[in-house]
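Here's the structure we're looking at; comments come further down.
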Amino acid sequence: RFPPELTPGVAAMSGCWSQTGIPIVQGDDVLTVLPGTMSEFELSRRLADTDAAVIMKVGRNLPKIRRALEATAKLSRAVYVERGTMAGSVSMKLADKKDDKAPYFAIVLVAGWSGRPGAVGAQA
Numbered sequence: 385r386f387p388p389e390l391t392p393g394v395a396a397m398s399g400c401w402s403q404t405g406i407p408i409v410q411g412d413d414v415l416t417v418l419p420g421t422m423s424e425f426e427l428s429r430r431l432a433d434t435d436a437a438v439i440m441k442v443g444r445n446l447p448k449i450r451r452a453l454e455a456t457a458k459l460s461r462a463v464y465v466e467r468g469t470m471a472g473s474v475s476m477k478l479a480d481k482k483d484d485k486a487p488y489f490a491i492v493l494v495a496g497w498s499g500r501p502g503a504v505g506a507q508a
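The numbers in this note's numbering rise by one with no breaks, and the one at position 97 of the sequence shown is 481.
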């Protein structure tokens, strides 16, 4: 593992997926960036219609985000990153996060390549 560092000009989401080592998309995968502030219905709809997702503005929206990911069968692929690229950064599978507390600087990543043979979380 490498210590996280802040690099000017690098978007938070790409810094987070680079830090966690997650190849977020591959080939023709569609990546959708979603605000966690949208309604649960709309969040679920858009998650269902995409291969990969980055959910920003997590904070107090984490319970709703978790429910939307469960409803779209993507919770097992979701990775929670708190204070990504900053000192004290924490990342874990969202399913392993026991509480629904999240700071402003939190993001959820959902890789789109899980259906490919050999990928982590691939369908059998």
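Yeah, the Cβ is synthetic: ideal placement off N, Cα and C, and Gly gets one too. In this text the structure is predicted, and so the values were computed from the model without any measurement.
Delimiting residues of the beta strand (DSSP E) encompassing residue i
i, result
"Ser428", "Premise fails: Ser428 lies in the alpha helix (DSSP H), 424-432, not in any beta strand (DSSP E)."
"Ser475", "474-477"
"Ile439", "436-440"
"Val463", "462-466"
"Ala490", "490-494"
"Val417", "415-419"
Residue i: first and last residue of the uninterrupted alpha helix (DSSP H) it sits in
i, result
"Lys448", "446-455"
"Met397", "396-404"
Separation of residue j from residue i, as counted between CA atoms
i, j, result
"Gly420", "Pro487", "13 Å"
"Met397", "Gly405", "12 Å"
"Ile449", "Leu427", "8 Å"
"Val494", "Gly399", "14 Å"
"Lys441", "Ser475", "16 Å"
"Ala437", "Ala471", "24 Å"
"Ala444", "Ile491", "Ala is not the amino acid found at residue 444; the sequence shown has Arg there. Using only the alpha carbons, I get a separation of about 12 Å."
"Val465", "Arg429", "23 Å"
"Ala395", "Ser402", "11 Å"
Cβ of residue i within 8 Å of any chain C Cβ
i, result
"Asp412", "Absent here is chain C; the protein component of the structure consists of one chain."
Residue burial classification, residue i (beta-carbon count within 10 angstroms, cutoff 16)
i, result
"Val463", "buried"
Distance between beta carbons of residue j and residue i, contact taken as under 8 Å
i, j, result
"Thr456", "Leu431", "4 Å"
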